[in-house]
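There are 2 protein chains.
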Amino acid sequence: MINREEYRRRVILTAGQIFSRYGFRKTTMDEIAKALKMGKSSIYYYFESKEEIFEAVVLYEANILRNELTTAIKSVESPIEKMRKYVFVRMRSFEKLSNYYNAIFDKNLDHFDFIETIREKYDREELAILRLILYHGSRMNVFSIDNSEYTALAIQTTLKGLEVPLFWKKRELNIDKRLNAILDVLFKGILKK
Amino acid sequence: MINREEYRRRVILTAGQIFSRYGFRKTTMDEIAKALKMGKSSIYYYFESKEEIFEAVVLYEANILRNELTTAIKSVESPIEKMRKYVFVRMRSFEKLSNYYNAIFDKNLDHFDFIETIREKYDREELAILRLILYHGSRMNVFSIDNSEYTALAIQTTLKGLEVPLFWKKRELNIDKRLNAILDVLFKGILKK
DNA sequence: AAAAACTTCGAATGAACCGGTCGATAATTC
DNA sequence: GAATTATCGACCGGTTCATTCGAAGTTTTT
Chain A
1408 MINREEYRRR
1418 VILTAGQIFS
1428 RYGFRKTTMD
1438 EIAKALKMGK
1448 SSIYYYFESK
1458 EEIFEAVVLY
1468 EANILRNELT
1478 TAIKSVESPI
1488 EKMRKYVFVR
1498 MRSFEKLSNY
1508 YNAIFDKNLD
1518 HFDFIETIRE
1528 KYDREELAIL
1538 RLILYHGSRM
1548 NVFSIDNSEY
1558 TALAIQTTLK
1568 GLEVPLFWKK
1578 RELNIDKRLN
1588 AILDVLFKGI
1598 LKK
Chain B
1408 MINREEYRRR
1418 VILTAGQIFS
1428 RYGFRKTTMD
1438 EIAKALKMGK
1448 SSIYYYFESK
1458 EEIFEAVVLY
1468 EANILRNELT
1478 TAIKSVESPI
1488 EKMRKYVFVR
1498 MRSFEKLSNY
1508 YNAIFDKNLD
1518 HFDFIETIRE
1528 KYDREELAIL
1538 RLILYHGSRM
1548 NVFSIDNSEY
1558 TALAIQTTLK
1568 GLEVPLFWKK
1578 RELNIDKRLN
1588 AILDVLFKGI
1598 LKK
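Chains as they are written, first to last, in the numbering used here: chain A, 1408 to 1600; chain B, 1408 to 1600.
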C-alpha cells in the first residue's frame, strides 16, 4: 500500500486527457488502461467505477481552475486588469472543460448530481472573487459601485450566459471578441467619469 | 432522382466534421443522422455503409488538400516562398487529417485498402509538385540541384518522417519549429552560394 | 388519377462492444 | 512461507451500433 495515491493520481491525469478529448461516454476503460499500460482490471483496484474516475477528474480540474484564477488576479495590480484577466482565464478554462459538460449532458445526467455540488461551490467562490475585485477597485477609486453584491452577481450572470453557446454549439468562435465587448460595456458603465 | 448528389455532398460534409472530431470508430450513424436532421435509415438510401461514407469523406478531404496546396504555391512567386508555403500548408492539413488516420489504425485496417490507393496517388502528385518547385527554382537560378527527381524524393521522405510523431503521439508540439529547422537546412544546402 | 418510381423513417435484429467481476497468479511484505 | 498487496486474462450480461426491412409518404410518369 505504498503508492496508492500516486497511482490514483496517474489514473486521473491520463483519464483526464482522454475524457477531455472524447467526453465521458466515448471514453472506454480499455483506452484508459492502454494509455496507462495497465490491465483494465487493475484500474478497478484503485477506483470503484468509471464514474468515480470521472468524478475525480472533474474535481481535479476544478482545483486547477481555482488556482489559475487566483494566480491570474494576483499577477496584476490594476483593478481593470484584474477583472480582465479573471474573465479571460475563466472563459478559456471553461472552453477546455466544455467537453466534460458535453459528456454529461449526453444522457443519464441522473447519476452526476455531484457536478451540481461542485458547481454551486464554485459559483459561491466566484462570487467572492468578483466581489473582491470590485471592492478592491472601489477602494482604489477606479470603480464606482453601489452594491458590490449585486454587481458581482450581474457579472457572473453574464459570464454564465456566455457559457451556453460554448457547449451547445461547438465551434461558436470569437468568444474573445464577445468578451472584450462585454468588458468594454462593463467598464464604461462602471468607471468613474 | 433530382438531388442525389447534393444529398451525398451534405452527408459527406456533416459526417466529415464528426469523423474529424471523433474518428471513424467513435462516430455513430445516429450522430451523423441527427446532425443531418434525418432518420438514420435515410442515410442508407444515399450510402451503402458507414465505410462508404468514410471513404467519400477522405476522398473529399484529399481533394481539398490538393487545392489548398496548389493555390498555396501559386500565391507566391519566389521559389523559396513556394517551397516554404507548400511545406507548411501540407503539414498543417495533415495535422487536421491525423484524426482520420487515428481512426483507421484502431483495428480492422483490413477493409481500408482504399487509403493506400489514395496515398500512393497523392505521393506521386506531391512528388510532381515538389519537382516543379525545384525545377522552377533552378530555372530562376535560386536553387542549384543535380537531380530534381531524387531531391524531390528526399524532401518528401523528410516530410513523411514528420508525419509519424504527428499521429503516434497526439500532442507532439512545435511542428512549426521543426519545420523551420528542416527548411533552413534544406535551403542552406540548396541555395546558390 | 392510377401506377410506378423515389424518398423517408420507425422498428427490429444480430453482432460487437463495454463496464464491471472473479479467480488465478505474481510480487512484496512480514 | 504465509499473508497481503497488486496485476491481469477471461468472462458476463446488458447496451449500443450498423444495417435491414417494410410500410408509408411523396413525386413523377403514364
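Quick reminder that beta carbons are idealized off the backbone N, C-alpha and C, glycines included.
Cβ-Cβ separation, residue j to residue i (assumed contact under 8 Å), whole Å
i: B:Glu1468; j: B:Leu1504; result: 6 Å
i: B:Met1498; j: B:Ile1562; result: Actually they do not touch by this definition, with Cβ atoms about 12 Å apart.
i: B:Tyr1429; j: A:Tyr1429; result: 7 Å
Proximity below 9 Å, CB of residue i to CB of residue j
i: B:Ala1463; j: B:Phe1454; result: yes
i: B:Lys1489; j: B:Ile1540; result: yes
i: B:Arg1473; j: B:Tyr1507; result: no
i: B:Phe1501; j: B:Glu1458; result: no
i: A:Leu1593; j: A:Thr1564; result: no
i: B:Val1465; j: B:Ile1522; result: yes
i: A:Ile1460; j: A:Ile1450; result: yes
i: B:Arg1546; j: B:Leu1569; result: no
i: B:Pro1486; j: B:Gly1544; result: yes
Residue i in three-state terms, based on DSSP
i: B:Phe1501; result: helix
i: A:Phe1550; result: strand
i: A:Gly1544; result: helix
i: A:Val1464; result: helix
i: A:Glu1458; result: helix
i: B:Glu1570; result: helix
i: A:Glu1475; result: helix
i: A:Glu1484; result: coil
i: B:Met1436; result: helix
i: B:Asn1410; result: coil
i: B:Gly1446; result: coil
i: B:Asn1470; result: helix
i: A:Asn1587; result: helix
Nearest candidate by alpha-carbon position, reference residue i, set the options
i: A:Leu1590; options: A:Val1494, A:Thr1524, A:Phe1550; result: A:Val1494
i: B:Glu1484; options: B:Lys1595, B:Val1549, B:Thr1564; result: B:Val1549
i: A:Leu1537; options: A:Ser1555, A:Gly1568, A:Tyr1429; result: A:Ser1555
i: A:Tyr1542; options: A:Arg1585, A:Glu1527, A:Ala1559; result: A:Ala1559
i: B:Ser1456; options: B:Glu1413, B:Lys1567, B:Asn1587, B:Ile1419; result: B:Ile1419
i: A:Lys1444; options: A:Tyr1414, A:Arg1526, A:Ala1588, A:Arg1432; result: A:Tyr1414
i: A:Asn1587; options: A:Tyr1557, A:Glu1527, A:Arg1491; result: A:Arg1491
i: B:Thr1421; options: B:Gly1446, B:Arg1432, B:Lys1481, B:Ala1440; result: B:Ala1440
i: A:Glu1527; options: A:Val1496, A:Lys1567, A:Tyr1557; result: A:Lys1567
(message) When you compare the segment 1432-1441 of chain A with the segment 1477-1485 of chain A, are there three or more beta-carbon pairs, one atom per stretch, that lie closer than 8 Å?
(response) Between the segment 1432-1441 of chain A and the segment 1477-1485 of chain A there are fewer than three inter-stretch CB-CB distances shorter than 8 Å, so the stretches are not counted as touching.
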